[in-house]
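S.K.: According to the numbering used here, the sequence shown holds residues 119 to 275 in order. Below: one structure in structure tokens.
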Amino acid sequence: MGLAGTWMTMQSSGSAASRNCVACGRPIAWDANVCQYCGHDYRSVMAPQALKKSESMVPVAAGVLILLSSIGYLILGGLIAAGSTIALPFSLETSAVGIACGIVVLLLGLGAFMGGVYATQRKHWTLAVIGGIIVLPTLLGLLGLILVIVSKDEFTS
């Protein structure tokens with residue numbers, strides 16, 4: 119129906135305050151609740167808004183567990199890089215190998231830390247899982263990873 123057809127429809131109703139029914143296309147009064155021709159009801163409730171996701175504390179608890187484990191990695195990596203004999207049963211001293219190992223552990227701790235932050239914010243589920251996998255050798259990391267996986271539906275991406 120073109121512009122001319124719309125104009126003719128409006129003219130045929132005899133009222134300037136009319137509209138076309140969305141179901142049958144016939145002219146009806148602008149304030150009509152029900153179409154007099156086909157019975158389409160304009161009073162029906164609008165589509166319900168998307169239900170808000172239930173937000174439990176599971177992702178937050180997972181994030182905290184991963185964060186705690188990552189802090190251990192950061193401390194351990196710093197001690198190894200500094201050549202401390204407390205961190206390892208043998209001394210790497212301040213050799214290039216010791217520094218490199220310490221930096222690797224520090225980077226893993228930083229990645230796990232970011233995964234824990236993402237878990238507490240309920241964002242980037244994949245990165246939160248990666249953070250949990252990094253600290254998987256620890257008990258807290260294992261529990262955090264399980265909680266992140268269980269609460270996948272609460273994450274935004």
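For each residue, glycine too, the CB sits at the ideal point set by N, CA and C.
#1: Sort out for me which residues DSSP pairs alanine 147 with in a bridge.
#2: At what residues does the alpha helix (DSSP H) containing glycine 190 begin and finish?
#3: Check this for me: beta carbons of leucine 226 and isoleucine 193, under 8 Å apart or not?
#4: What three-state label does DSSP hand valine 253 in the structure shown?
#5: Have a look at aspartate 271 and histidine 158 and give me their C-alpha separation to the nearest angstrom.
#6: Within the same chain, show all residues whose beta-carbon is closer than 6 Å to that of valine 247, passing over the 5 residues directly before and after it, in chain order.
#7: Report the rounded CA-to-CA distance for valine 222 versus leucine 185, giving the unit in angstroms.
#8: Please list, in chain order, all residues of the same chain as leucine 261 whose beta carbon is under 7 Å from its beta carbon, the five residues on each side excluded.
M.R.: Taking the geometry as given:
#1: Paired residue(s): Ser136.
#2: Where glycine 190 is concerned, the enclosing alpha helix (DSSP H) stretches over 176-200.
#3: For the 8 Å CB-CB criterion, leucine 226 and isoleucine 193 do not form a contact.
#4: Taken through DSSP and simplified to helix, strand or coil, valine 253 comes out as coil.
#5: The straight-line gap from Cα to Cα measures roughly 38 Å.
#6: Taken in chain order, the residues that qualify are Val266.
#7: Distance from the CA of valine 222 to the CA of leucine 185, rounded to the nearest whole angstrom, comes to 18 Å.
#8: For leucine 261, same chain residues with a beta-carbon under 7 Å away, outside a window of 5 residues either side, are Leu183 in chain order.
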